[in-house]
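Those sequence lines, one after another, are chains A and B. Numbering follows numbering that gives the first Met the number 0, with no gaps: position 223 of the first sequence is 222. Numbering follows numbering that gives the first Met the number 0, with no gaps: position 124 of the second sequence is 123. Some notes on the structure that comes next.
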Amino acid sequence: MTYNINQKGFYGQFGGAYIPEMLYSNIARLKDSYLEITSKASFKQKFHALLKDYVGRPSPLYFAERLSEKYECQIYLKREDLNHTGAHKINNTIGQILLARELGKTRIIAETGAGQHGVATATVCALMDMECIVYMGSVDIVRQAANVSRMRMLGAEVRPAESGSKTLKDATNEAIRDWIDNPVETHYIIGSVVGPHPYPDMVARFQSVISEEIRIQLKEKIGRENPDYIIACVGGGSNAAGAIYHYLDQSDVKFVFAEAAGLGVETGHSAATSILGKPGIIHGANTLLMQDKYGQIIEPYSISAGLDYPGIGPMLANLIHSARATVEAITDQQAMDAAFSLARTEGIIPALETAHAFAVLERKKFLPEDVVVINLSGRGDKDLPTYIKADLAS
Amino acid sequence: MNRLQKLFDTKQGDILNIYAPAGYPKLEDTMSIITELDRLGVDIIELGMPYSDPMADGKTIQDSSQIALENGMNLDVLFQQLSTLRENTQVPVVLMGYFNQLVQYGLERFLDSCVKVGVDGLILPDLPMEIYSNQFQALFEERDLSMSFLVTPETSDARCQTAAQLSTGFLYVVSSSSITGKSGNLGEDQISYFEKIQSLLPDTNKLIGFGIHDQASYENACEYANGAIIGSAFIRALTGDKELSSNIEEFITSIRP
Ligand SMILES: Cc1ncc(COP(=O)(O)O)c(C=O)c1O
Numbered sequence: 000m001t002y003n004i005n006q007k008g009f010y011g012q013f014g015g016a017y018i019p020e021m022l023y024s025n026i027a028r029l030k031d032s033y034l035e036i037t038s039k040a041s042f043k044q045k046f047h048a049l050l051k052d053y054v055g056r057p058s059p060l061y062f063a064e065r066l067s068e069k070y071e072c073q074i075y076l077k078r079e080d081l082n083h084t085g086a087h088k089i090n091n092t093i094g095q096i097l098l099a100r101e102l103g104k105t106r107i108i109a110e111t112g113a114g115q116h117g118v119a120t121a122t123v124c125a126l127m128d129m130e131c132i133v134y135m136g137s138v139d140i141v142r143q144a145a146n147v148s149r150m151r152m153l154g155a156e157v158r159p160a161e162s163g164s165k166t167l168k169d170a171t172n173e174a175i176r177d178w179i180d181n182p183v184e185t186h187y188i189i190g191s192v193v194g195p196h197p198y199p200d201m202v203a204r205f206q207s208v209i210s211e212e213i214r215i216q217l218k219e220k221i222g223r224e225n226p227d228y229i230i231a232c233v234g235g236g237s238n239a240a241g242a243i244y245h246y247l248d249q250s251d252v253k254f255v256f257a258e259a260a261g262l263g264v265e266t267g268h269s270a271a272t273s274i275l276g277k278p279g280i281i282h283g284a285n286t287l288l289m290q291d292k293y294g295q296i297i298e299p300y301s302i303s304a305g306l307d308y309p310g311i312g313p314m315l316a317n318l319i320h321s322a323r324a325t326v327e328a329i330t331d332q333q334a335m336d337a338a339f340s341l342a343r344t345e346g347i348i349p350a351l352e353t354a355h356a357f358a359v360l361e362r363k364k365f366l367p368e369d370v371v372v373i374n375l376s377g378r379g380d381k382d383l384p385t386y387i388k389a390d391l392a393s
Numbered sequence: 000m001n002r003l004q005k006l007f008d009t010k011q012g013d014i015l016n017i018y019a020p021a022g023y024p025k026l027e028d029t030m031s032i033i034t035e036l037d038r039l040g041v042d043i044i045e046l047g048m049p050y051s052d053p054m055a056d057g058k059t060i061q062d063s064s065q066i067a068l069e070n071g072m073n074l075d076v077l078f079q080q081l082s083t084l085r086e087n088t089q090v091p092v093v094l095m096g097y098f099n100q101l102v103q104y105g106l107e108r109f110l111d112s113c114v115k116v117g118v119d120g121l122i123l124p125d126l127p128m129e130i131y132s133n134q135f136q137a138l139f140e141e142r143d144l145s146m147s148f149l150v151t152p153e154t155s156d157a158r159c160q161t162a163a164q165l166s167t168g169f170l171y172v173v174s175s176s177s178i179t180g181k182s183g184n185l186g187e188d189q190i191s192y193f194e195k196i197q198s199l200l201p202d203t204n205k206l207i208g209f210g211i212h213d214q215a216s217y218e219n220a221c222e223y224a225n226g227a228i229i230g231s232a233f234i235r236a237l238t239g240d241k242e243l244s245s246n247i248e249e250f251i252t253s254i255r256p
């Protein structure tokens, strides 16, 4: 039994490629070539060289002494916040831009929620001199204004998505429509482990550099590769997938995912997909989905733009469905509290998304000897206006 | 043989298929639009089942779907509205929607409801041919429900053949690699693509859709296929400044004077 993807592009019952014919040729070409291209020595060499010298990898695995004392266990932070552009998202965009070049594409599109994936895409497009268009919900354009300015400075065009809840789901719809309109010269860099096969697997592989490094770093620090727990926040699930990838089939490593409960799971203003969702199709994949009984997608809500999504990557849906992973639903307020607490105990201001993962520490009891790795997926610069507002209010 | 197949048996050209979202502009307009289109000689009616996230459709269809959903349209209401369909008209009716709608309703329950009200076929743009032929084809065939698959300029010749084989209503020829609602004129690339499809699949019933919006583009499409599908342009006409039936009549007579 493996929790990784099967030959047909499914994780258990989840995954697949439910796509209109207008996307077929591009998706089929990706599916047929992504493994071959990414396993070539020349590709790997370019990918790893950029991760090292441009992104600044390996990212440190930091033993958080004061946090460990506070929560009475052994807490290690995987510092994806120290990557160039400030989050894990760049691991994936470096991989995909190299792939896009191999495929002969000249124009790049992307969706973004928190703007971190948009910035990471704009960055690699600047680096490779490619045209870049980023779709972003108009609500997110306001709440993540700093990242919009960064994308524009990097030369990307930011196009607002005005439909639905004007957030990540709607930005993804617009990006898909753009690809349907421009199938020949364009590559769509999806920012998480969502979308039709092969995207979930391809993005998970690019992000798996995180767990590859954790293994080596833990071995160096504590003499064993496996932690007892890995904790990560889940929007689409790419930082979580990257942090657990090499541990998928090692049952002694437990996974805890933090989902955004918004104002509370039962309030009707939530993005806790695994609790509120049922199997259904979104953006080309069968996965857990927030929907009504007619299959109409329910608009999610979270204070954090990167977790404000009504679906979840099919790999994670399968892990949750088969009880390989557990989920904690974290409210806006709990995430805010966790962000302030991390700032004052460790001197690290996390992204609002990441703060959800830290709130798990308030919920779960660990043994003193438990080794707990938290994936610190991104830094909080982009969220300062939200933090300042909350601080003034309290 | 269903009404769709009978139509193509008796009529081989100049077929006009009009797309209308169910429950739009008002919830109760569905049946009036169908009977009005039938009265005006429209050959096929393609009813959109409004979906929250119609990824293959453009802004016009998305906006009208949103309004229909806000009006209270859902599949139970739709089948209720269509319960008198065959007392009123024998025009072939095709439902267009997204696969998740069928999955959540229950696929067999959905197909049975189609048969019961007299729907003749389906278009499900996000249900790929492979998944259909491996898992669901028999369920459609048992019930004499037609399926129509899409081909685009990017579709390979072999795949066009498969789409033609699996399409028991008509093959939906997407006029360009484009979402619905764009309206330009036919370019050289499009014409050579239509000619390729014509010579590859001379015996397949084909309708051209996407971007057909007036008499000229309609007649142009009819030269390269058995007819054409008009969606977004019709939706825009529905909310014209007259009452519903006059808006419809004016539009249809502008396409086929
Ligand atoms: C810092 C950070 N963490 C997490 C996420 C959530 O995405 P994913 O679940 O794909 O890691 C985002 C998304 O924008 C992000 O910016």
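Ideal Cβ positions, reconstructed from N, Cα and C, are used throughout, including at glycine. Quantities reported herein were computed from a predicted structural model and do not represent experimental measurements.
Pairwise C-alpha distance: residue j and residue i
i, j, result
"A:N285", "A:I319", "14 Å"
"A:I373", "A:M335", "17 Å"
"A:L217", "A:I209", "12 Å"
"A:G399", "B:M0", "Chain A is shown from 0 up to 393; residue 399 of chain A falls before or after that span and cannot be answered."
"A:E265", "A:D291", "15 Å"
"A:L262", "A:Y2", "32 Å"
"A:A260", "A:G267", "10 Å"
"A:L76", "A:F46", "24 Å"
"B:G47", "B:S63", "10 Å"
"A:Q249", "A:Y10", "17 Å"
"A:V252", "A:R223", "12 Å"
"B:G96", "B:L123", "5 Å"
"A:E68", "A:K168", "39 Å"
"B:G57", "A:Y300", "25 Å"
"B:Y24", "B:E249", "In the sequence on display, residue 24 of chain B carries Pro and not Tyr. Taking the straight line joining both Cα atoms gives about 17 Å."
"A:A304", "A:S273", "18 Å"
"B:V90", "B:L144", "15 Å"
"B:D42", "B:V150", "22 Å"
Within 8 Å, strictly: CB atoms of residue i and residue j
i, j, result
"A:R142", "A:T344", "no"
"A:P199", "A:V192", "yes"
"B:D37", "B:T83", "no"
"A:A16", "A:H196", "yes"
"B:K257", "B:A236", "What is shown of chain B runs 0 to 256, which leaves residue 257 of chain B out entirely."
"B:I207", "B:A227", "yes"
"A:S58", "A:E212", "yes"
"A:L394", "A:A125", "Absent from the model: residue 394 of chain A. The displayed extent of chain A is 0 to 393, so no value can be given."
"A:G163", "B:N99", "no"
"B:M128", "B:T154", "no"
"A:N82", "A:V54", "yes"
"B:I60", "B:G230", "yes"
Residue i burial status per 10 Å Cβ neighbour count (16 or more: buried)
i, result
"A:H355", "buried"
"A:G234", "buried"
"B:N16", "buried"
"B:H212", "buried"
"A:K7", "exposed"
"B:D8", "exposed"
"B:P201", "exposed"
"A:Q115", "buried"
"A:T171", "buried"
"B:N246", "buried"
"B:S31", "exposed"
"A:D139", "buried"
Beta-bridge pairing of residue i - partner residues as DSSP gives them
i, result
"A:Y10", "A:F13"
"A:I296", "A:Q290"
"A:H268", "A:G263"
"A:K77", "A:L60 and A:N374"
"A:F254", "A:I229 and A:A324"
"B:M146", "B:L121"
"A:K277", "A:L288"
"B:S171", "Here residue 171 of chain B is Tyr; the residue named in the question, Ser, does not match the sequence. Answer is B:L149 and B:L206."
"B:L260", "It is not possible to answer for residue 260 of chain B, since the shown part of chain B is limited to 0 through 256."
"A:T185", "A:R106"
heavy atom of ligand 3 below 7 Å from residue i C-beta
i, result
"A:L306", "Ligands displayed in this structure: ligand 1; ligand 3 is not among them."
Give me the subset of the stretch 161 to 172 of chain B whose CB atoms are less than 8 Å from a CB atom of chain E, sorted by chain position.
Given the protein chain composition of this structure (A and B), no chain E is represented.
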